[in-house]
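Trainee: So the sequence shown is residues -19 to -1, 1 to 147, counted in mature numbering (1 follows the signal peptide of the UniProt record, and there is no 0).
Take a look at this one; I'll ask things after.
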Amino acid sequence: MIRPILPLLLCALAACATAVPEPVTRMLGPLNAAPGSCHAKGITPAILETVTQQVQEAPELRDAVGMVVEPARFRTLTSTRIVRARGEHWFEIPCDIRRGDRDFIQQIQRALTVREYYAGEIHGLYDVPTRAAVRAYQDTRGLESGTLSLDSAKALGLVELGRDVF
């Protein structure tokens, strides 16, 4: 005779054990990021190439004398190919941007005003005109993003070269 009490006791004991929840993490940078560093995700747009060709469908027709009776017929073929696929990448940013530090954002706005990328008010808000100015500045440096990279901040003189800004 099997005693049902033992399996019931084991189930009750297991139910009393405290479950350890899995830690919830939110990815804010690449896997190999230094602790305390701040990052933003950038997108590298795809590069497409469109090729248009004229393909002969029928040759010209000539009579016995050699005169063209009917001209050749052509059709246009257009094809598109991906030269470089769209990609996503992480780049380091000053943590002051992530924190919304108004003084630092005012410095960004002043630096971009001097370089004639920003014509708005110096108010310390990372708003649409500020993002557009940052993007225009970084486009010339090969980064298509409205979030200021650490490299661009160094180039603008906002961050000391070689200094960790965390």
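Even for Gly, the Cβ is constructed at its ideal location relative to N, Cα and C.
This structure is a prediction, so every number in the text was calculated from the model and none was measured.
1) Output needed for A117: all residues of its chain with C-beta closer than 8 Å, excluding positions within five of it in sequence on either side, in chain order.
2) So, using beta-carbon positions, are I63 and S126 closer together than 9 Å?
3) S60 lies in the beta strand (DSSP E); which residues open and close that run?
4) Take A134 and list the residues in its own chain whose beta-carbon comes closer than 6 Å to its own, dropping the five residues that flank it on each side.
5) Going by CA-CA distance only, name the one from Y107, V50, P11 and S130 that's closest to E41.
6) Given that a residue counts as buried once 16 or more other Cβ atoms are within 10 Å of its Cβ, and exposed if not, what is residue 151?
7) Please classify A27 as buried or exposed, where buried requires at least 16 other C-beta atoms within 10 Å of its C-beta.
8) Who are the near neighbours of G81 in its chain, counting only those whose CB is closer than 8 Å to its CB and skipping five residues on each side?
9) What are the boundary residues of the beta strand (DSSP E) that includes H128?
Mentor: Looking at the atomic coordinates:
1) Taken in chain order, the residues that qualify are Y98.
2) no
3) R54 to R65
4) P75 and V140
5) V50
6) A question about residue 151 goes unanswered here, because the residues of the chain that appear run from -19 up to 147.
7) So A27 counts as exposed.
8) Y107, listed in sequence order.
9) According to the sequence as given, residue 128 is Thr; it is not His. Here T128 belongs to no beta strand (DSSP E), and DSSP marks it neither H nor E.
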